[in-house]
Amino acid sequence: MDKPSFIMSVRRGGAKLRAMSKAHTPLHVMIWQAREAQSALLAAATAQKTLFSDIASWASQENRALSDVCSSASELSSLYSGVQVQIALAYKSFRKDMMLILEGEKRCDGAQRKLQEAEEKRLKLRRQVLKIQNKRLVEGENPRRSADFTGLQTQLAEAERTADRLHVEACDASREQEAVKLVVVRSALAKLSESHLVMSSQSRVIFEANRELTLELPEPPPPGDPLSCLRYNGHETTRAVIERVKSQVQVNSPTNYTSPGQPVFTSTPTHRPTAPPDSNAQTDPPPPYNASLFSFQVCEKSESLAGSCFSSFGMNMTITDDADDPLVVLDDHYITMQSLHPLPLPGILEAILPGHRMVAIRPKIPLRFRIRFIQAQFRDINDQAPVIPM
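Here the UniProt record's numbering is used: the first residue of the sequence shown is 1, the next is one more, and so on.
Written out as C-alpha cells, the structure is:
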C-alpha cells in the first residue's frame, strides 16, 4: 500500500470511529467521504494548474515556438481547472443532499424516542392501576370508589391517547423519510452523473485542442542544419484554437447543458381547463409531469395563502381555503390544492409526478417542514378529473 492510500485509510478509519458514537454511522462516513472527494478534486485542479503555469514560466525563456505553445497549453489548463472545480461543486451539492437525509433520519429518531417514552409511561401507569385494583379487591373494597384509582385511570387514558398519537406520527415520519430518501438520492445521483457528463464533454474539447497545439511545434532540423533555420508560424493558429475552446466550453457549461431526458418547453397552454380551448390558439404540446420542471416559489408571507396561484411550465396550482374538505384535484395539466393553509415559513414546494404514480407535495428548503404524500391514480384526458383525499 502506497503512502497516500495508507493515509486515506487511516483518516477513513478515524471518521468511522468518530461516527460510532452517533447513529447512522454509514451515512456519516458517506458524507465525510463526499467531502474528501471534493477536497481531492480541488487539490488536483490546483496542482495541475500550478504545473502548467510552471511549464509556461520555463518555456518563456526558451525559443518562440515553445513559449507560445506552452503558454497556450497553460490557458487550456486553466479552463480544465475550472471544469474540475465544477465537478467538485457537484460533490459538495451531493454531500448537502445526503445531509438532508441525515437530518430526516434524526427527526425520525426523535419521533421514535418520544414514542418509546410514551409507551414506557403507559406501561408504568397500567402496572400501577393493576396493582391498586388487585389490592382493593383483596381488601374487599370497590377499586372504582378510590380517588387514587380514578386519577390513575385518567392518567392512563391520557397516556394511551398520547402514545397512539405519537405512534401515528412516528409511522408517518418513517414513511415520509423513506419516500424522501428515494427522491433525494435519485435527484442527487442524477445531478452528479450529469456533472460528470458535462466534465467529460468539456475535457474532450480541451485535450483535443491541447493535442492540436502540440502539433504546431516544428520538427527538429536535419543533422548539421542550424536551429536558426526553423520557422514558427503557428501563433495565429494557437490563438484561434484557444478562442474556439473557450466558446465550446462555455456552450457546454452546466448552466447551458440540458439532459436528453428532460426536454425544455418554450411555451405554455393558453387556455384554462374550465374554459373550452380556442381552436385558433397556437400552443405547444403539454409538458410531462417532471420533478425537475414542476416547482413553485411561495411568496414571502406567513399568513394563509388561500387563493394564491402559482404556475410553471403550463402547470398551475391554486391553494383554496376549505378546511372541511381537504382534497387534491388533478385536472389535465392543472392541480388544485386545498386545505394546505396555513403554510409555514417561506420555502419551495415541489410536486413530484413521475411515471410510477406517486404524488409528493414537499418543501425543498428547508426539509424540516412536514411532508405529505398522496397516492394518485392518473386519468385519461377525456375522463372525469379524480378527487384524491389527503
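Glycine residues also receive a C-beta, built at the ideal position from the N, C-alpha and C atoms. Small disclaimer: the values here were computed from a predicted structure and weren't measured.
| Item | Value |
| --- | --- |
| Relative to the C-alpha of N82, which candidate in Q48, V184 and K124 has its C-alpha closest? | According to the sequence displayed, residue 82 carries Gly and not Asn. Per the Cα distances, Q48. |
| Express the C-alpha separation of Q133 and R126 in angstroms, rounding to a whole number. | 10 Å |
| With 16 other CB atoms within 10 Å as the buried threshold, where does G104 fall? | buried |
| If I'm right that V184 touches L100 with Cβ under 8 Å, what's the distance once you round it to whole angstroms? | 6 Å |
| Should T154 be listed as close to the ligand MN, given that the test is whether its C-beta is under 7 Å from any heavy atom? | Absence of the ligand MN is noted for the structure shown, with no ligands found whatsoever. |
| If A209 sits next to L41, beta carbons under 8 Å apart, how far is it from one beta carbon to the other, in whole angstroms? | Not really, about 22 Å apart at Cβ, beyond 8 Å. |
| DSSP state of S60, grouped into three classes? | coil |
| Below 8 Å, how does it come out for the segment 171-181 and the segment 105-116: are there three or more Cβ pairs, yes or no? | yes |
| Tell me where the alpha helix (DSSP H) around A147 begins and ends. | A147 to L215 |
| Check whether chain B comes within 8 Å of V83, counting only Cβ atoms and requiring the distance to be less than that. | In summary, chain B is missing from the structure at hand, where a single protein chain is found. |
| Would you check if the segment 227-245 and the segment 54-74 touch, i.e. whether three or more CB-CB distances between them fall below 8 Å? | yes |
| Can you check which of these residues, E160, Q248 and V129, is closest to A147 by C-alpha distance? | V129 |
| Can the beta-carbon of residue 392 be found closer than 8 Å to that of A73? | Nothing about residue 392 can be read from this structure; the chain reaches only from 1 to 390. |
| What do you reckon, are the CB atoms on Y80 and A37 nearer than 8 Å? | no |
| May I have the straight-line CA-CA distance separating V180 from H24, to the nearest angstrom? | 16 Å |
| Using the C-alpha atoms, what's the distance from E160 back to R122? | 6 Å |
| Near Q153, which residues of its chain fall below 8 Å by C-beta distance, leaving aside the five closest residues on each side in sequence? | V129 |
| Taking Cβ to Cβ, would you say E119 is nearer than 8 Å to A157? | no |
| Tell me which residues share the same chain as A65 and place their Cβ nearer than 8 Å to its Cβ, disregarding the 5 neighbours each side in the sequence. | E216, L217, P218, L230, Y232 and G234 |
| Can you list, in chain order, the residues of its chain whose CB lies under 8 Å from that of V205, leaving out five sequence neighbours each side? | V245, Q248, V249 and N252 |
| Quick check on this structure: which residue in E243, P221, P222 and K191 has the alpha carbon closest to the alpha carbon of I87? | K191 |
| Among R165, W32, T150 and E212, whose alpha-carbon lies nearest the alpha-carbon of D97? | W32 |
| Closest by CA to L197, which one among A34, Q84, T50 and F149? | Q84 |
| Buried or exposed for R186, please, with buried defined as at least 16 other CB atoms from any protein chain shown within 10 angstroms of its CB. | exposed |
| Using a 10 Å radius around the Cβ and a threshold of 16 neighbouring Cβ atoms, would you call E303 buried or exposed? | Note that E303 has pLDDT 35, beneath the 50 cutoff, so the model's placement of it is unreliable and the number below is only indicative. The residue in question, E303, is exposed, as its Cβ has fewer than 16 Cβ neighbours within 10 Å. |
| Taking buried to mean at least 16 other C-beta atoms within 10 Å of its own C-beta, is Q177 buried or exposed? | buried |
| In three-state DSSP terms, what is Y232? | coil |
| On a Cα-Cα basis, can you pick out the residue from R95, E243 and L166 that is closest to M30? | R95 |
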